[in-house]
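Number of protein chains: 2
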Amino acid sequence: MYPESIKNLVESFKYLPGIGEKTAERLAFSILELEDEQISMFSESIKEVKEKIHKCKECNTLTDDELCFVCNDPTRDSKILCVVEDTKSVFLFEKLGMFHGKYHVLDGLISPLEGINPEDIGLSKLLDRINKEKFEEIIFAFKPSIEGETTALYIKKILEDMSIRITRLASGVPIGADMEYVDSLTLERAIKDRKDI
Amino acid sequence: MYPESIKNLVESFKYLPGIGEKTAERLAFSILELEDEQISMFSESIKEVKEKIHKCKECNTLTDDELCFVCNDPTRDSKILCVVEDTKSVFLFEKLGMFHGKYHVLDGLISPLEGINPEDIGLSKLLDRINKEKFEEIIFAFKPSIEGETTALYIKKILEDMSIRITRLASGVPIGADMEYVDSLTLERAIKDRKDI
Numbered sequence: 001m002y003p004e005s006i007k008n009l010v011e012s013f014k015y016l017p018g019i020g021e022k023t024a025e026r027l028a029f030s031i032l033e034l035e036d037e038q039i040s041m042f043s044e045s046i047k048e049v050k051e052k053i054h055k056c057k058e059c060n061t062l063t064d065d066e067l068c069f070v071c072n073d074p075t076r077d078s079k080i081l082c083v084v085e086d087t088k089s090v091f092l093f094e095k096l097g098m099f100h101g102k103y104h105v106l107d108g109l110i111s112p113l114e115g116i117n118p119e120d121i122g123l124s125k126l127l128d129r130i131n132k133e134k135f136e137e138i139i140f141a142f143k144p145s146i147e148g149e150t151t152a153l154y155i156k157k158i159l160e161d162m163s164i165r166i167t168r169l170a171s172g173v174p175i176g177a178d179m180e181y182v183d184s185l186t187l188e189r190a191i192k193d194r195k196d197i
Numbered sequence: 001m002y003p004e005s006i007k008n009l010v011e012s013f014k015y016l017p018g019i020g021e022k023t024a025e026r027l028a029f030s031i032l033e034l035e036d037e038q039i040s041m042f043s044e045s046i047k048e049v050k051e052k053i054h055k056c057k058e059c060n061t062l063t064d065d066e067l068c069f070v071c072n073d074p075t076r077d078s079k080i081l082c083v084v085e086d087t088k089s090v091f092l093f094e095k096l097g098m099f100h101g102k103y104h105v106l107d108g109l110i111s112p113l114e115g116i117n118p119e120d121i122g123l124s125k126l127l128d129r130i131n132k133e134k135f136e137e138i139i140f141a142f143k144p145s146i147e148g149e150t151t152a153l154y155i156k157k158i159l160e161d162m163s164i165r166i167t168r169l170a171s172g173v174p175i176g177a178d179m180e181y182v183d184s185l186t187l188e189r190a191i192k193d194r195k196d197i
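Those sequence lines, one after another, are chains P and U. Each residue of the first sequence is one higher than the last, beginning at 1 in the working numbering. Each residue of the second sequence is one higher than the last, beginning at 1 in the working numbering.
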């Protein structure tokens, strides 16, 4: 029913996570409304992103250079390392702009349930780096979940004998949240980690 | 902060309606996860769709041919014409598969508030067609709104002297809807247009 090229475009949008038939159709038709330069930029950037983007040699952050913008920056504090589960987290922290150390991006988190084992998430590259560079603190900035907890504890165990401070992000009630909508696990953590005022 | 090609891709996704910064970033990163063939199909289809798609010579439905698949189909009932506000509506009806007449796609609806006047929505092509082809019924299948109503009444007035049956889609309570969530205009229409059982 759809002309071939519209059908292909709808199919393409459906490759993306969270985009179903209806949204794909809506987006495909909206492409027809774009200016010619927007069309070519869109089309080009899809092709280019896969060709040009790869992992930073040092820390795995996605980059179009040999080293990412953080590893390339000599002003960063090289005594503190923030370990994250994906490149998106790096950009999240960088937008905040309050962390001035280095990053290391794992290939996800350990998840025995999904068959993702310690050897699948690129730990050896991280451990090599920790052995070579002299970090004073390592922050685990994983999402608060069983996988995040498991991964943090697993790495902590390996680093036990090294005199490095190991920390994780604070968990608790989000600022501005309504108490009645805070889930019980979060509330439990908030009570356990309560702070003197 | 983002590598150039990721930044361009995020910007491109933001051209699309309903896609903000966060969603654009999520989609851009998900492009990196696609297979090579998916990438090239995506990139190609964006470029192709604008090059190949244009309006059907007869009815304005978007097509990659001279005539659209409906106008090209000799089995369609050429006595009944369904006038719609955009090509999407054609595909919506075709998916239902219960309408077997012809279509005519306007360039939107009359909207004095937005400065869209009768001469802006391609009425002359529709009227030429109605004068040439011998339709027995014309259905206005616009969205139920002031613009839809205005456009339908405007065209009806012009066709007044021709002996053509003119109809519009029924409005009323949607099947399966909770009565308490039905808006008052819809309920008003449902009472006015009530049916004997």
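For every residue, glycine included, the Cβ atom is placed at its ideal position computed from N, Cα and C. As the structure is a prediction and not an experimental result, all values here were calculated from the model.
The bridge partners DSSP lists for U:H54 are U:T63. The beta carbons of P:V49 and U:S5 sit about 5 Å from each other, so the pair counts as a contact at 8 Å. Residues are counted here when their Cβ sits less than 7 Å from a Cβ of chain U; for the segment 84-97 of chain P these are K88, F91 and E94, given in chain order. In this structure P:L9 is in contact with U:S45, their Cβ atoms being roughly 4 Å apart against a cut-off of 8 Å.
For U:R76, no beta strand (DSSP E) segment is defined, and its DSSP state is neither H nor E. Under the Cβ criterion of 8 Å, U:T63 is counted among the residues facing chain P.
Counting only the Cα atoms, P:K132 lies some 19 Å from P:D73.
Along the segment 40-56 of chain U, the positions whose C-beta sits under 9 Å from a C-beta of chain P are S40, M41, F42, S43, E44, S45, I46, K47, E48, V49, K50, E51, K52 and I53, read in chain order. In this structure, P:L106 lies near P:V83, with their beta-carbon atoms less than 8 Å apart.
Within 10 angstroms of the beta-carbon of P:G97 lie fewer than 16 other beta-carbons, which makes it exposed. Segment contact: the segment 23-33 of chain U against the segment 180-196 of chain P, fewer than three CB-CB distances shorter than 8 Å; contact not assigned.
Note that the C-beta distance between P:Y154 and P:P118 is below 8 Å. Taking a 10 Å sphere around the C-beta of U:H104, we find 16 or more other C-beta atoms and assign the residue as buried. Annotation: the continuous alpha helix (DSSP H) that includes P:V90 extends over T87 to L96. Annotation: the continuous alpha helix (DSSP H) that includes U:F13 extends over E4 to K14.
Within the segment 3-16 of chain P, the residues whose Cβ lies closer than 7 Å to any Cβ of chain U are, in chain order, P3, E4, S5, I6, N8, L9, S12, Y15 and L16. Closer than 8 Å to the CB of U:S78 there is not a single CB belonging to chain P.
Comparing alpha carbon positions, the residue from U:P144, U:F69 and U:T150 closest to U:I110 is U:T150. Within the segment 22-42 of chain P, E25, R26, L27, A28, F29, S30, I31, L32, L34, D36, Q38, I39, S40, M41 and F42 place their CB atoms closer than 8 Å to a CB of chain U, listed in sequence order. Residue contact check for U:M1 against chain P: a CB pair falls below 8 Å.
Under a criterion of Cβ atoms nearer than 7 Å, the residues of chain U adjacent to P:F69 are, in order, M1.
Around the beta carbon of P:M41, a 10 Å sphere encloses 16 or more other beta carbons of the protein chains shown; the residue is thus reported as buried. In summary, U:Y2 is buried, with 16 or more beta-carbon neighbours lying within 10 Å of its beta-carbon over all protein chains present. With a 10 Å radius around the Cβ and a threshold of 16 neighbouring Cβ atoms, P:T167 comes out exposed. Annotation: P:I139 to P:E85 spans about 12 Å, alpha carbon to alpha carbon.
Out of P:I121, P:T23 and P:I130, the CA that lies nearest to the CA of U:K88 is found in P:T23. According to the DSSP secondary-structure assignment, U:Y103 is paired through a beta bridge with U:C82.
About 6 Å separates the beta carbon of P:K102 from that of P:S78, a gap short enough to meet the 8 Å contact definition. Residue pairing from DSSP places U:I116 in a beta bridge opposite U:S111.
Excluding its 5 nearest sequence neighbours in each direction, P:D183 has no C-beta neighbour in its own chain below 7 Å.
In the displayed model, P:R194 falls within coil according to three-state DSSP, outside both helix and strand.
Non-local C-beta neighbours of U:I19 in its own chain, meaning closer than 8 Å and more than five positions away in sequence, comprise F13 and L27, ordered along the chain.
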